[in-house]
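Here is the structure we will look at, set down as structure tokens.
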Amino acid sequence: MVMIYLANMHHKVISVCMVTHYRHGIHWNFFMLELSLFITDTK
Numbered sequence: 003m004v005m006i007y008l009a010n011m012h013h014k015v016i017s018v019c020m021v022t023h024y025r026h027g028i029h030w031n032f033f034m035l036e037l038s039l040f041i042t043d044t045k
């Protein structure tokens, strides 16, 4: 029972981390895209 509970908690933590990482990844990609567009505009 305890092992199942811990496994579920672990899975939830991993899921949350993955989602947060995924969102930050998207945000970072947009930032890099904006940056590259800005650099090409200023040339």
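To convert, take the position in the sequence shown, counting from 1, and add 2; that gives the numbering used here. Glycine included, every Cβ here is placed at the ideal spot set by N, Cα and C. These figures come from a predicted structure and were not determined experimentally.
From H29 to T44, what does the alpha carbon distance come to, in whole angstroms? Each residue's Cα considered, the two are about 23 angstroms apart.
Quick check on DSSP: helix, strand or coil for M20? Three-state DSSP puts M20 in a helix.
Nearest-angstrom Cα separation, counted from R25 out to M34: Whole-angstrom Cα-Cα distance: 14 angstroms.
Could you check what DSSP says for M11 in three-state terms: helix, strand or coil? In the structure shown, M11 sits in a helix (DSSP, three-state: H, G or I).
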